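Engineer: Attaching a single structure in structure tokens format; questions to follow.
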Amino acid sequence: MKQAVLVALLSLLPLQAALAQGKRRPPPRTAEPPAWLADAVFYHIFPERFRNGDPANDPRDVRPWGERPSGGSFHGGDLRGITESLGYLADLGVTALYLNPIHPGGSNHKYNPSDYFSVAPEFGTLDDFRGLVREAHARKMKVVLDGVFHHTGEQFEGFRDAMARGKASPYWDWYTIHGYPVQTNPPNYETWNGHFGQPKLNFANPEVRAFVKRVALFWIQELGVDGWRLDVAESVPHDFWAEFRAAVKAASPDAVILGEIWPDAQGWLAGDQFDTVTNYPLWNTVRDVVATRSAGPQALLDRFRQQQEIYRAPVVASLFNLLGSHDTDRFVTLCGGDVARLRLAYAFLFTYPGAPVIYYGDEVGLEGGNDPDNRRCFPWDELEARSETLSWFKRLGQLRRELPELRRGSLEPWPLHGRDGRVLCYQRRLGQATSLVVLNLSDAPQEVDIQASRAGWRSGQVVQELLGRRKLRVQGARVTLPLQPWEAMILR
Ligand SMILES: [Ca+2]
């Protein structure tokens, strides 16, 4: 016993000496993104439209499943529907769910919460949510919630109290209200984007800060959620996010903090605020190259180089790489319904550093223009007809899981190949494991000459093309690859 105490004291000595000399200690482990993030495949669910698992909780004015949504329509989707679909999602290779908000709020999108400690009744109960987390965790799947902390809904108790009682309300200073009586049309208080139903919280008020942290910890500690996606994160002060991180990481070092940031986000990713952000700049580039074709393949390599310049390596490997969301047109629709280009874009995403995100329904080619059309009901009764695209996504998920270099390897770009330089080639490398990705980013068939030695191939060797499940025999110094328009290959 005494000896153990002595050893413990001795082991403290170097630390004390270092502190006395003012040496910098290494950054805490919690400054890095959680390790699971680089291995994750996310699935983004808009709960009202994914699956109706319990017709008993449908709103009275529920519309038929599959009918085109309007801005205010309800179709019956709920948490039990998600729980019932976990097997389907596991088959797809999904390892983490991100759900749009699930708290009560009059809208179908719930970005106007009226209560932060419960589940919207039309989505289910807290017990339904517990069941979802339990079943997801049993499949080693994470669950990330959407935190609407920039503003509340106008039906939130505090805002109603401030409206009713003015400066006598303890909630008056939770908001920035420019006079009494409080007016909603137009609002005489700070809001999100001028919407009267989304009054902005006042982060200069310590009570607001304490409240938001209490909400975040409640769902992590009591319900077991694995992190937060932070809505409108850009418009909340940086010093609050640092405070938020300290509180969340103290409770759960592995919880992810994902900021909704649209531009480049180096101001949030130094290790003191967020682990990762919504990588809309990457989406922009993939859209320009693959969907609108306003940029050439080089833009993808430029984007990669730029991300390496502005972010630390663990962050690049952990970015939340999406090809659309509830706030954008669906990718296949941006491609004019061309499923070949949708598949190529996701092949890029799954072979690129960072966590790929599937927006629900993309894996079956679900179409949809701008909000609310991008929030259509998941077409469960059309899976058979859409099975070819679904199989493609399953294969991508499988390869991402089986090939560690796709998740954690370096990315080494090659010079552009093919006619007009429309074929992008890059290698992902981790130790001895190497995959060569070849993408035909054009409407024309291409024949591409690959230098075998550069790919690390010997003459006589058999190389596997993993997406089409083909084998190629290397003969001599070069290998000719015939590529269909918008075809993707992973060679190993
Ligand atoms: Ca329902």
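The opening position of the sequence shown corresponds to residue 92 in the working numbering, with each subsequent residue numbered one higher. Virtual Cβ for every residue (Gly too), placed ideally from N, Cα, C. Fair warning: this is a prediction, and the values are worked out from it, not measured in the lab.
1) Output the boundary residues of the beta strand (DSSP E) element that contains Leu-507.
2) Could you compute how far the alpha carbon of Gly-113 sits from the alpha carbon of Pro-506?
3) Under DSSP, the alpha helix (DSSP H) around Glu-313 begins and ends at which residues?
4) Closest to Arg-251 by CA distance: which of Asp-237, Ile-193, His-241 and Val-273 is it?
5) Is the beta carbon of Asn-143 within less than 7 Å of some heavy atom of ligand 1?
6) At a cut-off of 7 Å, would you count Asp-462 as near ligand 1, judging by its Cβ distance to the nearest heavy atom?
7) Ignoring anything shorter than 4 residues, give me the alpha helix (DSSP H) runs that lie fully in the segment 405-431, in order along the chain.
8) Let me check you understand the geometry: is the CB of Asn-148 closer than 7 Å to at least one non-hydrogen atom of ligand 3?
9) In the structure shown, what three-state DSSP assignment does Phe-484 receive?
10) Is it buried or exposed for Arg-510, if we count other Cβ within 10 angstroms and need 16 for buried?
11) To the nearest angstrom, how far is the alpha carbon of Thr-121 from that of Gly-488?
12) Cutting at 6 Å between CB atoms, please list the residues of its own chain near Tyr-207, excluding the five before and the five after it.
13) Measuring CA to CA, which of Ser-260, Gly-387, Ala-408 and Gln-523 is closest to Leu-532?
14) Is the beta carbon of Arg-519 closer than 8 Å to that of Leu-490?
15) With the cut-off set at 8 Å, would you say Ala-446 and Ser-501 are in Cβ contact?
16) Determine the closest residue to Val-339 out of Pro-444, Phe-309, Gln-537 and Pro-470, with distance taken between C-alpha atoms.
17) Check the DSSP bridge columns for Ser-526 and list the partner residues they point to.
18) Return helix, strand or coil for Thr-267, following the three-state DSSP convention.
19) Which of the three DSSP states is assigned to Gln-112 in this structure?
20) So the beta strand (DSSP E) Arg-561 belongs to, where does it begin and stop?
21) Can you tell me which of the three DSSP states Trp-374 falls into?
Structural biologist: Taking the definition as stated:
1) No residue range can be given for Leu-507, since it is assigned to no beta strand (DSSP E) and is classified by DSSP as neither H nor E.
2) Residue confidence is low: Gly-113 scores 48 on pLDDT, short of 50, so the model does not pin down where it sits. No coordinate-derived value is stated.
3) Counting along the chain, Glu-313 falls outside any alpha helix (DSSP H), and DSSP gives it neither H nor E.
4) Val-273
5) yes
6) no
7) Here the runs fully enclosed are 422-425.
8) Among the ligands in the structure shown, ligand 3 does not appear; only ligand 1 can be found there.
9) helix
10) exposed
11) 28 Å
12) His-194 and Val-306
13) Gly-387
14) no
15) no
16) Phe-309
17) Arg-519
18) coil
19) Because the pLDDT at Gln-112 is just 48, under 50, the model does not fix this residue reliably, and the value given afterwards should be weighed accordingly. Here Gln-112 sits in coil by DSSP.
20) Counted as a single uninterrupted DSSP element, the beta strand (DSSP E) harbouring Arg-561 occupies residues 561-564.
21) helix
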